[in-house]
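**Q** The opening residue of the sequence shown carries number 1 in the numbering used here; numbering runs sequentially from there.
Structure in structure tokens, see below.
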Amino acid sequence: MTGGNGAGLAGQPDVLNGPFTTRQLLRLDEALRLADSSTGLTFSIYVGELDEPTRGSTEKLHGQLADPPHSVLIAVSPNQRVLEIVTGGEARRRLPDRAAKLAALSMAAAFGGGDLAGGLVAGLAQMADHAGRS
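Spelled out as structure tokens, the structure:
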């Protein structure tokens with residue numbers, strides 16, 4: 001999971017001041033692990049500010065992943081009220097834009113209710129179910 005919280009004291013990640021509790025981070029980590037292992041794709045999450053235009057910024061982040069063609073990046077910027085999902089070429093064959101948009105609608109509904117972590121977990125599960133096994 002990639003967080004956009006920068007660095008804290010002594011170069012340590014600023015996880016303690018992030019938007020998630022320890023329990024939520026554990027849930028997200030487990031959801032990512034399950035999505036990766038059940039599909040053979042690599043799912044990543046970025047939470048933080050995105051440069052404008054946000055789509056281009058998210059595509060740039062996706063391009064920096066270890067295996068972009070087989071990767072799915074969910075980027076959320078709560079302050080900007082933005083949710084972007086980028087799928088690599090190989091991932092898109094199994095997770096078409098329509099399926100990603102349905103997952104985004106589900107996540108946005110949870111986000112609107114104040115449940116950032118729950119929305120991400122549900123969206124990951126929905127996309128992994130659609131992508132199926134490799």
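Note that the Cβ used here is the ideal one computed from N, Cα and C, for glycine as well.
1) Give the single residue among Gly112, Gln126, Leu41, Ala31 whose Cα lies nearest to the Cα of Ala99.
2) Do three or more CB pairs link the segment 65-85 to the segment 118-125 at distances below 8 Å?
3) Hey, could you find the ends of the alpha helix (DSSP H) Thr22 is sitting in?
4) In the DSSP assignment, what are the bridge partners of Thr87?
5) Along the chain, where does the alpha helix (DSSP H) that runs through Asp97 open and close?
6) Could you tell me which residues DSSP puts in a beta bridge with Val82?
7) DSSP state of Thr2, grouped into three classes?
8) What number of angstroms, rounded off, separates the C-alpha of Gly114 from the C-alpha of Ser37?
9) Enumerate in chain order the residues of its own chain whose CB-to-CB distance from Thr87 is below 7 Å, with the five nearest sequence positions on each side excluded.
10) Among Pro78, Thr54, Arg81, Thr39, which residue has its Cα nearest to the Cα of Ala91?
11) Shortest alpha-carbon distance to Gly132 belongs to which of Gln64, Asp51, Glu84, Leu34?
**A** A quick look at the data gives this:
1) Gln126
2) yes
3) 22-39
4) Val72
5) 97-112
6) Ser77
7) With a pLDDT of 40 at Thr2, under the threshold of 50, the predicted position of this residue should be treated as unreliable, though the coordinate-derived value follows. Three-state result, Thr2: strand.
8) 28 Å
9) Val72, Leu95, Ala100
10) Thr39
11) Leu34
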